[in-house]
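Notes follow the structure.
In the numbering used here, the protein residues as written are 1 to 250.
Dropping the structure here:
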């Protein structure tokens, strides 16, 4: 797979200060142009199994060069994981599932696919832009005009998901696509980051640290109490380096 831009990435995960185990998973493959963060739920290792199944499913597929085809393959892998997780939960008589957010980069384009409340942000021209829309009950209430956005943070159901991988036999995946620009920086994260660290602080850290912001983002969540697992994956886009040899560029 050949990209128009030079791609760098940096992914980190931390159990946080309250949970006994890390149920988040992530997958990064800059050569394939695919990155993923998954936040498992279910406890007693069930959430960990669900998020790991998602990461493994996406990591096992060969992703085509064309963006549309690549997104189809990644989405199909997520659907396969949904079937497997749901089937296991039904057989075992347990509740388990996972959020997912995936970034696919091809040439001068990108796409983001997601289900749940793990987020993708784009840092561009000094602005932090949320690319995903949370699949939560409170977000649906906001969308319908039943809840003021200012009241979301204190709402008792703000973490209740309206969609996730593995909780039903079918899954709807949302997706967006757009053009890449030089110096774009993507941040994929679980709610263990943005649920503790405000977007203004996330933007400040990413602006100052760039691709190296991962440790500082996790430290900011830890400083805020880190009640949940924290996972961040950063992907930077820069112009490729051109070497000039004997008057010719290569």
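Cβ atoms here follow ideal geometry from the backbone N, Cα and C, with glycine treated the same way. None of these values were measured; they are calculated from a predicted model.
Collapsed DSSP secondary structure at residue i in the structure displayed
i: residue 249; result: A caution first: residue 249 carries a pLDDT of 49, below 50, which makes its placement in the model unreliable, though a value can still be read off. Of the three classes helix, strand and coil, the one that applies to residue 249 here is strand, per DSSP.
i: residue 14; result: strand
i: residue 86; result: helix
i: residue 155; result: coil
i: residue 134; result: coil
i: residue 216; result: helix
i: residue 36; result: strand
i: residue 251; result: Because the chain is modelled from 1 through 250, residue 251 falls outside the range shown and cannot be assessed.
i: residue 202; result: helix
Cα-Cα separation between residue i and residue j, rounded to whole angstroms
i: residue 271; j: residue 171; result: With the chain represented from 1 up to 250, any question about residue 271 goes unanswered, as that position is not in the structure.
i: residue 82; j: residue 54; result: 8 Å
i: residue 249; j: residue 235; result: Caution applies to residue 249, whose pLDDT of 49 falls short of 50 and renders its modelled position unreliable; the model cannot decide the point.
i: residue 133; j: residue 119; result: 8 Å
i: residue 154; j: residue 198; result: 14 Å
i: residue 221; j: residue 180; result: 29 Å
Beta-carbon spacing of residue i, residue j below 7 Å
i: residue 38; j: residue 74; result: no
i: residue 121; j: residue 128; result: yes
i: residue 25; j: residue 52; result: yes
i: residue 230; j: residue 218; result: yes
i: residue 237; j: residue 5; result: yes
i: residue 99; j: residue 175; result: no
i: residue 161; j: residue 224; result: no
i: residue 177; j: residue 111; result: yes
Expected contact under 8 Å - CB spacing of residue i and residue j to nearest Å
i: residue 50; j: residue 85; result: 5 Å
i: residue 97; j: residue 166; result: 4 Å
Evaluate the contact criterion for the stretch 137-146 versus the stretch 198-216: three or more CB pairs, one atom per stretch, below 8 Å.
no
I'd like to know if the stretch 65-73 and the stretch 188-204 are in contact, where contact means that at least 3 CB-CB pairs between them fall below 8 Å.
no
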